[in-house]
């Protein structure tokens, strides 16, 4: 089996397993979805409605059959109706997903672009000021929660300098979260890139390259960059997972109508279709990113055929 | 440097644990005549919009954060060890199945699992800690498996086996004690992340009881006073950052 086929197979299997787990946990919840739906949609609470909904959702059938039916509907694009808004969940998500994806993906895309030059300069002069500054930044972002940093930025930029209006929905509402995500990933990826570049300088072939007359920068670029890039891309996976996980809190902080905020609003109404859809969307998103990273690594890796 | 770091860590831990049994004031006592008081000898960090003592609320929040950390660490240690050692003992497809499952769990973001758990079971330190612990079990399983594989091939384990020490005795006496320190160091390295993740969860307030002073929930509550009383939102954030930074530094140094 070729590598792309293997990666695709693994991605699809993982998604199926995650969907099964999420479906099982949500179906095991004690609260009855029919009762919630009747309350949420103001349906007549009589036996006919209950029986109708139960038959429609297949609640009288065994678990695996129910899962199969749900999966078939999900794949066809029927994600059910939200208990809270009464609208199709798919439509609600399609409306909000672009914002969340823009936010997380622009932050994530920005980080490696800046991490390579910064990490390179840091490795060029270990213990130089760039090295120390990026180290300080990495320690800082790993301790300071992004929501608090966001609040402090809102205070400084919004209250002290009056450049933006806090908690309003305008351009600043998207710039700041993107910057926060990028800053976190940037700091972490720079350190990984720098660490692996410096690892190369300890190899005998690096000394040979210097002896041949290459400058330190030239030797680092020619003989260290690909190696360090490989490590950085592997570390990118954990950063992607962090970024996607933190979108919900950033959306709530900056008042952005993305899927995370939609989920948080829906939780109080026990909106299980929305919860299930959220898990699926996030899992699919991260699995696709991971598959991309795996392909990148295979392409960059030393064992390339 | 090491001395000051350890002292700071112990001091913070002490404050977090003391918060479970004693606070300078009743953290929920509303005193509307004392709203937004500045720090004073009586209220060291001032009072909030309802006149509640901020330090007392921070201390309870610290205890709740400590509970989360305890749950995450316990589940990571126990789960990682059990699955990793089992996978190492059962070679073949059963071991591979455990490892594949562990790999799959690396993908899922901890925060999303915790979000789902909070949505389903309500947010409290124990459920959040258990959810985050379970979500993080994948990497520890893989690590424990690698460690157990290496230990099982060591001469002293081979010797014990040759002497007739079998199954559980071999594992409990010779393999597990030798892998715990490494596993613990890795779990500790992620403890800072658990603190900020729990803060983010409490900030979202999923099914949370708003009267419970979690640090993240306090950030959510106090963010509204950013214009007139910005000092209020400083304290919980500072608490989170200090605990996370100390944890990161302590486990980075080991």
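Residue numbers (my numbering), protein chains in the order written: chain A, 2 to 306; chain B, 2 to 255. Ideal Cβ placement from N, Cα and C applies to all residues, glycine included.
Taking the Cα positions, residue 298(A) is about 39 angstroms away from residue 2(B). Residue pairing for residue 54(B): DSSP places it in a beta bridge opposite 48(B). Judged by DSSP secondary structure, residue 99(B) falls within the alpha helix (DSSP H) whose first and last residues are 94-108.
Put simply, the backbone Cα of residue 245(A) is about 7 angstroms away from that of residue 283(A). Cα atoms of residue 87(A) and residue 101(A): separation of roughly 22 angstroms, rounded to the nearest angstrom. Rounded to the nearest whole angstrom, the CA to CA distance from residue 200(B) to residue 72(A) is 34 angstroms. In this structure, the CA atom of residue 198(B) is about 24 angstroms from the CA atom of residue 49(B). Partner residues in the beta bridge of residue 89(A), as assigned by DSSP, are 82(A). Residue-level contact check: residue 13(A) does not touch chain B, since none of the beta carbons of chain B fall below 9 angstroms from its beta carbon. Counting the other Cβ atoms within 10 Å of the Cβ of residue 272(A) gives 16 or more, which makes it buried. For the stretch 103-132 of chain B, residues whose beta-carbon sits nearer than 7 angstroms to a beta-carbon of chain A comprise 105, 108, 109, 110, 111, 112, 113, 116, 117, 120 and 121.
Taking 9 angstroms as the threshold, the shortest C-beta distance from residue 6(A) to chain B does not fall below it. Within its own chain, the residues whose Cβ lies closer than 6 angstroms to the Cβ of residue 190(B), once the five positions on either side in sequence are excluded, are 252, listed in chain order. The Cβ-Cβ distance between residue 146(A) and residue 238(B) falls below 9 angstroms. When the beta-carbon positions are compared, residue 108(B) and residue 72(B) stay at least 9 angstroms from each other. Looking from the CA of residue 200(A), the closest CA among 109(A), 50(A) and 227(A) belongs to 227(A).
DSSP, read as helix, strand or coil, puts residue 246(B) in helix. The C-alpha of residue 62(A) is placed about 48 angstroms away from the C-alpha of residue 245(B). For residue 222(A), no alpha helix (DSSP H) encloses it, and the DSSP letter there is neither H nor E. By the neighbour-count criterion, in which a residue is buried when 16 or more other Cβ atoms sit within 10 angstroms of its Cβ, residue 85(A) is buried. In the three-state DSSP reduction, residue 64(B) falls in the helix class (H, G or I).
Segment contact: the stretch 91-106 of chain B against the stretch 137-156 of chain B, three or more CB-CB distances shorter than 8 angstroms; contact assigned. Every unbroken stretch of the alpha helix (DSSP H) spanning 4 or more residues and falling wholly within the stretch 177-242 of chain A is given here in chain order: 205-212 and 217-220.
Straight through space, the alpha carbons of residue 146(B) and residue 95(B) are spaced by roughly 13 angstroms. Annotation: Cβ neighbours of residue 249(B) in chain A (cutoff 8 angstroms, chain order): 140, 143 and 144. Contact note: residue 156(A) reaches chain B through 227 and 231, using a C-beta cutoff of 7 angstroms and chain order.
Residue 165(A) and residue 180(A) have their C-alpha atoms some 15 angstroms from each other.
Residue 131(A) is outside the set of residues whose beta carbon lies under 9 angstroms from a beta carbon in chain B.
Within the same chain, Cβ atoms closer than 7 angstroms to the Cβ of residue 54(A) are found at 35 and 38, the five residues on either side in sequence being excluded.
Closest in C-alpha terms to residue 82(B), from the list 65(B), 66(B), 234(B) and 100(B), comes 100(B). Boundaries of the alpha helix (DSSP H) harbouring residue 170(B): 168-171, taken from the DSSP string. The criterion of a C-beta distance shorter than 9 angstroms is satisfied by residue 279(A) and residue 117(B). If you check the CB distance, residue 120(B) and residue 260(A) do not come in under 9 angstroms. Counting only unbroken stretches of 4 or more residues, the alpha helix (DSSP H) elements lying wholly within the stretch 5-67 of chain A are 34-42 and 48-58, in sequence order.
When only Cα atoms are considered, residue 98(B) and residue 132(B) end up about 22 angstroms apart. The Cβ of residue 246(A) sits closer than 9 angstroms to at least one Cβ of chain B.
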